[in-house]
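First up is the structure itself, then whatever we jot down about it.
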Amino acid sequence: FISRGDPHLIFKGNESFLTFVSVSNTPNTTGEYDLRKIEYSLSQERLRRRIETHLDSFSGGATAMIGERVLNLTFSYWGQGEWQGFWDSTKGTPDNADDSLPEAVKITISTQDEKAHEPPLILSTVVYLPVRG
C-alpha cells in the first residue's frame, strides 16, 4: 500500500467498499507505531474487515468476518459540497498540494434477525474526518 513506486497514503472507496491506511500502536510496546491498510466490505451477507500490516505485503493481509446477516453496506463520501459515491485520495487536490480526504463518510448498514421475523434494521452514521485547514 506504500511502496517506492506508489508513495500515497490511500483512502479509496465506492458505495460497496472502503480502504484506508491507518496508524496503529503495536501492543505491549511504547512509542512504536505501524501503518496498516484496512478495508471494509460485504461478502455473502457477512461484513468483512481485511487488515494488511506490512509494507509491500504480498500476503493480502488477514481477513475477519465481523458481522453476519448483513443485507446491505453502503458508503458515501462528502466533498466539494455534496455526497459522492466514490472517493480516491491518490488523485490529490486540485492544486496537487496534498492527498485529499473527504470531509465525512456516511456509513449505512442493514441487518436481519436469524429467522427474518422482524423487518430489517437499518443504521446510519456520519463520521467526520479531521482535515488540515
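Residue numbering for the sequence shown follows my numbering, starting at 2 and increasing by one per position.
Quick reminder that beta carbons are idealized off the backbone N, C-alpha and C, glycines included.
| Asked | Found |
| --- | --- |
| Neighbourhood of W84 by C-beta, 6 Å cutoff - its chain only, sequence neighbours within 5 removed | S77 |
| Through-space distance from D114 to G68, alpha-carbon basis | 12 Å |
| Three-state secondary structure assigned by DSSP to S17 | coil |
| Start and end residues, beta strand (DSSP E) containing D35 | Y34 to S44 |
| Spatial distance of K116 from R70 (CA atoms) | 10 Å |
| Cβ shell of A105 (< 6 Å), same chain only, five flanking positions each side left out | W79, V127 and Y129 |
| Selection from N15, Y34 and V22 that minimises the alpha carbon distance to L43 | N15 |
| S101, DSSP secondary structure in three states | coil |
| Burial state of T91 (16 or more Cβ within 10 Å) | exposed |
| For A63: DSSP bridge partner residues | I52 |
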